[in-house]
Amino acid sequence: GIQVEQSPPDLILQEGANSTLRCNFSDSVNNLQWFHQNPWGQLINLFYIPSGTKQNGRLSATTVATERYSLLYISSSQTTDSGVYFCAVDFSGNTPLVFGKGTRLSVIA
Amino acid sequence: DTGVSQDPRHKITKRGQNVTFRCDPISEHNRLYWYRQTLGQGPEFLTYFQNEAQLEKSRLLSDRFSAERPKGSFSTLEIQRTEQGDSAMYLCASSLVGVEQFFGPGTRLTVL
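Chains as they are written, first to last, in this note's numbering: chain F, 119 to 227; chain E, 4 to 115.
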């Protein structure tokens, strides 16, 4: 069946460190989104990136659709980056998002 | 327009009671989605609408759940005869067809 796998499941970083989160998916995608879920449960849109590379401040993302993976890079991490990061994919454009289980990031001062 | 809104933000109910949640999407968005998230998991799809038509329902949506979007604007999700297993965060999202989805703050349901 359709699968979205994220790694690592948990990550602890010292403030100022860099990190890479990975999302593997089992089929070609129409849409891929990265979200940050804050402690109150709100899903914050980070990137809409079915292919290619995008950057927004200290965050950047790359999706290699032909190899079925996406990477989220966080540079110079801050304590406010803590939370759960989700990758979610839409496989056809007419289907809902399928979420991975997330990566729980803890940034310590 | 400030984004997707949901009401209430929190709901505590007793087992067997009915509850109803509301979602107001971003105004120009024709698609509206409902997801459910339990502790430690990613959100899981429940159902979605394009305008007022309900296009798909997940197997998670038992016959105790019903959703409507009567005029293609706001949507309601009703759970009848709530069970403790219904305790979860209920998330609403909206989008234009086939592109980026935006989520509301969620309704956290606790069934005692």
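Yeah, the Cβ is synthetic: ideal placement off N, Cα and C, and Gly gets one too.
TODO: Compute the distance between the beta-carbons of N149(F) and D199(F), then report whether it is under 8 angstroms.
DONE: no
Open item on the list: Please give the ranges of any beta strand (DSSP E) in the segment 160 to 194 of chain F, keeping only runs that are unbroken, at least 3 residues long and fully inside the region.
Closed with: 161 to 166, 170 to 174, 177 to 182 and 187 to 192
- [ ] For R39(E), write down the residues that DSSP places opposite it in a beta bridge.
- [x] E47(E) and Y93(E)
- [ ] Taking 8 angstroms as the threshold, find out whether the segment 21 to 32 of chain E comes into contact with the segment 53 to 62 of chain E through three or more Cβ pairs.
- [x] no
Open item on the list: Using C-beta distances below 7 angstroms, list every residue in its chain close to V114(E), excluding the 5 sequence neighbours before and after it, in chain order.
Closed with: Cβ neighbours of V114(E) beyond the five flanking positions: T16, R18, T85, E86, Q87, D89 and S90.
TODO: Give a yes or no on whether the minimum CB-CB distance between Q44(E) and chain F is below 8 angstroms.
DONE: yes
TODO: With 8 angstroms as the threshold, decide whether the Cβ of F209(F) is near any Cβ in chain E.
DONE: no
Task: Residues of the segment 18 to 38 of chain E with Cβ closer than 7 angstroms to any Cβ of chain F, in chain order - done: Y36
- [ ] Please confirm if Y166(F) has its CB atom under 8 angstroms from at least one CB of chain E.
- [x] yes
Task: Of the residues R140(F), Y203(F) and L177(F), the one placed nearest L189(F), counting alpha carbons only - done: R140(F)
- [ ] Buried or exposed for V147(F), please, with buried defined as at least 16 other CB atoms from any protein chain shown within 10 angstroms of its CB.
- [x] Classification of V147(F): buried, given that the 10 Å Cβ count is 16 or more.
Task: Helix, strand or coil at G211(F) [DSSP, three-state] - done: coil
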